[in-house]
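Asks: Numbering (this note's numbering), first residue to last: 4 to 943.
1. Under 8 Å Cβ to Cβ from residue 593, same chain only, skipping five residues before and after it: list those, please.
2. Counting pairs of beta carbons, one from the segment 548 to 560 and one from the segment 748 to 764, are three or more of them closer than 8 Å?
3. Whose CA, out of 785, 923 and 247, lies closest to the CA of residue 543?
4. Could you tell me which residues DSSP puts in a beta bridge with residue 729?
5. Let me know if residue 318 comes out buried or exposed under the rule of 16 or more other beta-carbons within 10 Å of its beta-carbon.
6. List, from N- to C-terminal side, the alpha helix (DSSP H) runs of 4 residues or more that fit wholly inside the segment 571 to 602.
7. Taking Cβ to Cβ, would you say residue 856 is nearer than 7 Å to residue 386?
8. Are the segment 611 to 623 and the segment 670 to 684 in contact at 8 Å, needing three or more beta carbon pairs?
9. Cα-Cα, which of 487, 42, 636 and 134 is closest to residue 733?
10. Rank 767, 631 and 768 by C-alpha distance to the C-alpha of residue 711 and give the top, closest one.
11. Checking 7 Å against the spacing of the C-beta atoms, do residue 110 and residue 172 come in under that value?
12. Does the Cβ of residue 849 have 16 or more other Cβ atoms within 10 Å, making it buried, or fewer, making it exposed?
13. Three-state secondary structure (DSSP) at residue 852?
14. Among the candidates 185, 164, 166 and 167, whose CA atom is the shortest distance from the CA of residue 174?
15. With DSSP collapsed to three states, give me the class of residue 685.
16. Count the other CB atoms within 10 Å of the CB of residue 81; is the residue buried (16 or more) or exposed (fewer)?
17. Spatial neighbours of residue 535 within its chain, please: CB distance less than 7 Å, with the 5 preceding and 5 following residues excluded, ordered by chain position.
18. State the Cα-Cα distance for the pair residue 102 and residue 684, rounded to the nearest angstrom.
19. Do residue 42 and residue 362 have their C-beta atoms closer together than 7 Å?
20. Check whether the segment 155 to 170 and the segment 113 to 124 touch, using three or more Cβ-Cβ pairs below 8 Å as the test.
21. Would you kindly check if the distance between the Cβ of residue 131 and the Cβ of residue 996 is under 7 Å?
22. Measuring alpha carbon to alpha carbon, tell me which residue in 634, 397, 225 and 491 is nearest residue 657.
23. Less than 7 Å between the C-beta atoms of residue 741 and residue 665, yes or no?
24. Identify whether residue 3 lies in helix, strand or coil by the three-state DSSP scheme.
25. If I measure Cβ to Cβ from residue 27 and keep anything under 6 Å in the same chain, skipping five residues before and after, which residues do I get?
26. Just the Cα atoms here: how many angstroms apart are residue 924 and residue 815?
27. Can you give the Cα-Cα distance for residue 713 and residue 675, rounded to whole angstroms?
28. Since residue 689 and residue 550 should fall inside the 8 Å C-beta cutoff, what is the C-beta to C-beta distance between them, to a whole number of angstroms?
29. Under a three-way DSSP split, which group does residue 442 fall into?
30. Can you tell me whether residue 607 is buried or exposed? The criterion is at least 16 other CB atoms within 10 Å of its CB, across all chains shown.
31. What residue range is occupied by the uninterrupted alpha helix (DSSP H) comprising residue 538?
32. My understanding is that residue 369 touches residue 377, with C-beta atoms under 8 Å, so please give their C-beta distance in whole angstroms.
33. With DSSP collapsed to three states, give me the class of residue 624.
34. Expressed to the nearest angstrom, what Euclidean distance is found between the alpha-carbon atoms of residue 203 and residue 177?
35. Relative to the C-alpha of residue 722, which residue among 614, 189, 906 and 139 is closest?
36. Tell me residue 672's beta-bridge partners as DSSP assigns them.
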């Protein structure tokens with residue numbers, strides 16, 4: 004009989020569960036939304052990892068082909084044996100002939116070594132199955148053509164792109180006894196003729212295995228060290244030679260090409276080294292754990308509230324004969340119904356959101372992967388199964404404890420509803436100390452005791468008592484709020500850390516950077532250089548090009564000079580810190596007597612006037628014809644392990660002495676840091692091939708020119724063309740001077756010219772390509788410029804912004820969805836908790852509590868939630884921020900531990916909105932019922 008009633012009982016409990024879900028539509032909706040968000044976020048994480056993997060795989064296939072294994076062979080029999088042994092496992096096969104290598108002269112070997120390898124184009128065997136589904140890509144792609152085309156007939160050749168414009172000359176080679184076997188008629192360009200005599204690369208020790216023509220030169224290194232283990236000399240010995248040289252043949256150059264590396268097996272997960280996908284998998288695992296924990300908190304809390312609401316109902320079912328197993332099944336049925344709706348909805352939301360995010364960030368991914376490789380949504384059945392399975396497990400875990408609680412409800416306790424409140428141990432101890440029920444009130448029974456109650460009256464007293472009685476529920480709400488706050492606050496520093504690599508894009512407001520040099524670039528004398536000595540003229544020519552923003556052109560000639568500073572003008576502690584952290588170029592270029600080297604940025608008149616406005620200079624200091632300088636007082640103290648910066652100057656010196664060159668200085672002499680740490684006159688020793696120190700600069704009696712220091716600065720403003728990060732990347736003091744004043748003071752002979760650059764900005768709506776072309780035409784018309792290179796900084800900045808936007812989109816999408824789960828948890832906890840107190844509210848109203856006092860009590864309870872949530876969340880965020888700081892401070896020594904107070908303020912606003920919405924909804928549903936209506940509703 005019991006067996007026959009089982010379907011009936013199951014149907015009754017299912018109807019009971021459905022009725023309960025319909026009766027609490029908001030809680031049901033919030034729970035389904037939480038399940039859908041958790042499932043959607045899991046799906047988004049898994050789909051993102053799969054899609055990124057597919058994008059990387061597509062990139063490798065496009066660039067490197069789909070081959071998985073390569074080997075060398077010497078005859079067709081080897082290929083036949085391979086096909087026989089591999090059988091059905093051999094899907095595609097391509098062959099390429101190694102036609103030998105030609106020896107390059109010593110002058111030409113600086114480009115890629117002593118050999119020019121000659122290879123045929125790859126040929127694929129089309130008779131094989133080709134069943135792997137990758138026929139859209141070549142097994143071994145032909146080299147990418149930079150200019151021209153690939154060879155199509157005998158006598159044609161495509162050369163590496165780095166040889167374009169190079170003349171292959173005859174002469175000695177790096178190989179003993181081997182003459183040059185690769186020459187050209189003039190500089191290489193399309194249509195040029197190149198003559199090659201190719202041979203085989205063989206081992207000198209007679210090893211039979213040949214050396215591939217594309218491999219670097221095989222060399223044996225030998226070192227000699229001193230007693231301290233320092234390397235004193237290094238010798239290299241070639242291990243190979245070129246043999247069996249063929250007859251010279253002439254080829255016509257039809258193209259210039261380049262090649263790429265091979266990474267396919269890594270992206271397919273078949274290679275032993277696959278750190279990139281291990282990292283992606285670990286990231287997905289961490290995110291999945293965070294999502295599951297947040298989801299368990301939300302869904303488990305929803306089930307707990309549901310059980311609390313139906314305590315009486317479970318007790319009645321128990322009294323009517325329902326077993327514990329049937330009561331547990333009721334809760335699991337509810338979980339299954341919620342999952343049946345939430346999981347498919349979450350999978351759809353996750354896939355749609357991932358597709359939208361990849362569509363929005365397509366440009367960023369294309370720039371990061373390069374070669375216009377797109378990353379689109381890739382849906383893997385395994386990802387769908389894992390996301391759905393993890394969500395189902397999350398539902399099961401969330402429902403487990405509430406199901407046990409429901410099965411243990413006593414019929415008598417349920418009818419009395421004594422299970423609704425379980426005093427804590429602290430509360431029970433407090434109750435035991437009481438003698439009467441009126442201990443908390445004054446002697447006349449009119450006023451509650453306690454400081455808070457005396458200040459706030461009865462609403463404060465009742466709010467405190469409610470929070471004490473429902474401490475566990477309060478902790479749940481506060482914890483959910485804390486998670487939301489921590490996620491939002493942590494987003495600030497996390498975004499900064501992830502996108503903090505903008506230092507290299509530090510060019511102020513400049514959109515274009517132009518590297519210019521004169522036709523005779525061998526001279527380091529500014530007066531003899533027509534480019535450096537005419538900064539204003541060239542800047543004026545560039546400013547006249549249509550599309551150049553007015554007032555945006557700057558000219559900078561970088562030079563070096565010898566200087567002298569007072570001992571009290573130098574921050575020796577900072578200099579010592581620099582020398583301890585970095586060993587770049589022998590340490591900081593300043594000795595203890597104050598003699599050293601300075602980098603001098605010579606600017607045109609307009610740039611100096613802009614700089615003077617930025618720094619607040621006036622009068623003679625702002626006049627570009629008046630000699631003065633700005634000391635940039637920041638130097639990067641960076642090595643492979645740490646990053647930091649120091650201020651090399653104390654900022655007290657009113658002037659800097661620029662040393663004039665010693666009289667009679669020869670071409671093999673210069674001023675520089677000596678081996679003994681003193682700034683000295685140095686000379687190249689032809690006998691030993693080394694450098695000797697002639698005399699310290701302090702003993703040479705050098706003449707000098709005193710240059711007034713107009714200002715000390717660590718930031719020259721956005722209008723200055725060179726950013727602080729680049730100016731600080733030096734080992735010397737950096738001075739900025741106006742070129743006109745330097746020329747007027749006759750200081751040009753004291754400076755060694757390094758390079759000359761110009762910067763400009765695009766006018767609004769200007770065509771960038773036309774502006775660049777116009778600038779190149781203007782520079783070419785001058786006739787005194789040997790080489791010019793124009794770099795579009797705006798394009799580089801667009802690429803950087805696209806990549807940082809991509810990072811931030813994924814970061815904030817994850818945080819937003821996780822926060823939504825936490826916010827739903829808060830809403831569910833607070834709203835349902837208030838709705839469960841309908842009888843209490845009606846009772847308070849019936850004994851005379853007015854609406855104002857009632858709202859005040861509720862406000863105080865919510866304020867307690869808000870304070871605990873904000874304090875806990877900010878503390879948790881500070882802990883996470885400290886973790887980031889600890890992890891990064893080992894490599895960034897000057898990193899400061901700062902709290903993102905803007906995000907803290909935003910978190911406060913979010914908490915206020917969530918609490919207001921939760922409370923408003925709950926109070927709207929309760930309607931502050933009178934006692935009779937509350938009892939009637941409770942009975943129903």
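Think of the CB as a built atom: it goes at the ideal place given N, C-alpha and C, for glycine as much as any other residue.
Replies: Let me lay it out:
1. 568, 573, 578, 599, 600, 651, 682, 735 and 736
2. yes
3. Closest option to residue 543, Cα to Cα, is 785.
4. According to DSSP, residue 729 shares a beta bridge with no other residue.
5. Flag for residue 318 reads buried.
6. 575 to 584
7. no
8. Result no; under three Cβ-Cβ pairs closer than 8 Å.
9. 636
10. Checked all of 767, 631 and 768; the closest Cα to residue 711 is 631.
11. yes
12. Exposed, by the Cβ-count rule.
13. Residue state, collapsed to three classes: coil.
14. Ranking 185, 164, 166 and 167 by Cα distance to residue 174 puts 185 first.
15. strand
16. Sixteen is the threshold: since fewer than 16 other Cβ atoms of the shown chains lie within 10 Å of the Cβ of residue 81, the residue is exposed.
17. 529, 560, 756 and 759
18. 54 Å
19. In this structure, residue 362 does not lie closer than 7 Å to residue 42 by Cβ.
20. yes
21. Residue 996 lies beyond the range of the chain shown here (4 to 943); nothing can be said about it.
22. 634
23. No, the Cβ-Cβ distance between residue 741 and residue 665 is not below 7 Å.
24. No answer is possible for residue 3: the residues shown for the chain start at 4 and end at 943.
25. none
26. Between the alpha carbons of residue 924 and residue 815 lies a gap of roughly 28 Å.
27. 27 Å
28. That pair is no contact at about 54 Å.
29. Per-residue confidence for residue 442 stands at a pLDDT of 47, beneath the threshold of 50, marking its modelled position as unreliable; the derived number appears in the next sentence. Residue state, collapsed to three classes: coil.
30. buried
31. Here the alpha helix (DSSP H) through residue 538 covers 538 to 546.
32. 6 Å
33. helix
34. 16 Å
35. 614
36. 686
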